[in-house]
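The block underneath contains the structure these notes are about, expressed in structure tokens.
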Amino acid sequence: MTNSEPATTQHSTVEDWTKALAESHGSPGGGAGTGVMLSIAAALTSMVAGYTEPEDHQRDELSGIHARARELRKTALQLADDDSSASNAFGAAFRLDPGPEREEAIHQASVEAAKASAVLGERAIEAIEDLGWLAFHGNPALIADVVVGFGALRAAITGARTNVSFDLASLTSAGTPLEEVREQHPDLWETVSRLSDALERIDQLAAGVDKKAAPTEAV
15 MTNSEPATTQ HSTVEDWTKA LAESHGSPGG GAGTGVMLSI AAALTSMVAG
65 YTEPEDHQRD ELSGIHARAR ELRKTALQLA DDDSSASNAF GAAFRLDPGP
115 EREEAIHQAS VEAAKASAVL GERAIEAIED LGWLAFHGNP ALIADVVVGF
165 GALRAAITGA RTNVSFDLAS LTSAGTPLEE VREQHPDLWE TVSRLSDALE
215 RIDQLAAGVD KKAAPTEAV
């Protein structure tokens, strides 16, 4: 990767990508980081699934979990790069001179950014129960990896929830009341609530295996 090429999650080293993330230009930013955290959660899900020896009646279920996790690992990285592109448009809109053109650009960029984060969030929600299955039926020697996966998944959902909410609120910068934003974008608004519920579900699952993952806490 040369200095003129953007850092992408799919073609950069971890060193190059995190170096780009550390710079003050917003792309990649927190939204792209959300995608990377989702990819990490999916990768850990895949690893634990691969180490798990299922009972005969569990084979199909485990095979499905493994396949979905492998696919999600790659998809999440693409979604991270999609979010970086949306972030570029978002920043460019706010740099325009004041006026109707700027207001329209902010509106469009905010909606597109919210949609990009919502897609990430929905994919993260879909991954919760697969990791939850492994928490209770996966190889017990890898329970710590499952809990790390929960942490990464929680970070992804927290990021998606916050970004969707923030981007929707950005629509008020042109004078649109927040209540009107909710009426105009009900699906995105509802996504924020679903993501909040998903955080509670992750915490519930993680708490259920915490004693096995961190046994020293009980001493």
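Each residue of the sequence shown is one higher than the last, beginning at 15 in the numbering used here. Glycine is no exception: its CB is placed at the ideal position from the N, C-alpha and C atoms.
With a cut-off of 8 Å on the beta carbons, I'd call residue i and residue j a contact; round off their distance for me.
i	j	result
L91	S53	5 Å
N153	T66	5 Å
A46	D95	7 Å
G146	A174	With 8 Å as the limit, G146 and A174 do not qualify as a contact, their Cβ atoms being about 18 Å apart.
I120	S187	6 Å
L185	S99	At roughly 20 Å, the Cβ-Cβ gap does not stay under 8 Å, so L185 and S99 are not in contact.
H151	Q218	That pair is no contact at about 17 Å.
V133	L93	6 Å
Within a Cβ cutoff of 6 Å, which residues of the same chain sit near residue i, ignoring the five residues on either side of it in sequence?
i	result
E29	none
L148	V62 and V160
G40	S101 and G105
N177	G45 and S131
L35	P42
Sort the options by Cα distance to residue i and report the nearest one.
i	options	result
G78	P42, E140 and V161	E140
T23	G43, D211 and L145	G43
L167	N102, R87 and K33	R87
T172	D144, A212 and L156	A212
Q198	R208, L209, A183 and S210	A183
D201	A155, S131 and L219	S131
A128	Q218, W31, F104 and P20	F104
R137	H39, P68, M51 and F108	M51
A83	L93, V133, V162 and A55	A55
A155	Q218, N177, A228 and S210	A228
G222	S38, T205, I157 and T230	I157
G189	E118, L93, L76 and T89	E118
What are the start and end residues of the alpha helix (DSSP H) that includes residue i?
i	result
Q122	P114 to H151
Q198	L192 to Q198
T32	V28 to L35
G105	R73 to F108
S179	I157 to S184
A55	G44 to Y65
Mind checking residue i: buried by the 16 CB within 10 Å criterion, or exposed?
i	result
G64	exposed
S179	buried
F164	buried
G113	exposed
S207	exposed
A107	buried
D70	exposed
L192	exposed
T16	In this predicted model, T16 has a pLDDT of only 45, less than 50, meaning its place in the structure is not dependable; the value taken from the coordinates is given anyway. Exposed: under 16 other Cβ atoms inside 10 Å.
T235	The shown model of the chain, from 15 to 233, leaves out residue 235, and the question about it has no answer.
D272	A query on residue 272 cannot be resolved here, the shown segment of the chain reaching from 15 to 233 and no further.
A170	buried
Below 6 Å, is the gap between the Cβ of residue i and the nearest heavy atom of the ligand ZN?
i	result
I120	Within the structure as shown, the ligand ZN is missing, as the structure has no ligands at all.
Tell me which residues share the same chain as residue i and place their Cβ nearer than 8 Å to its Cβ, disregarding the 5 neighbours each side in the sequence.
i	result
H203	Note that residue 203 is Trp in the sequence shown here, rather than His. Excluding residues within five positions, the ones whose Cβ falls inside 8 Å are L182, V195 and R196.
Spatial neighbours of residue i within its chain, please: CB distance less than 7 Å, with the 5 preceding and 5 following residues excluded, ordered by chain position.
i	result
S18	Because S18 carries a pLDDT of 48, less than 50, the predicted location of this residue cannot be relied on, and no value is offered for it.
A13	Given a span of 15 to 233 for the chain in the structure shown, any question on residue 13 remains unanswerable.
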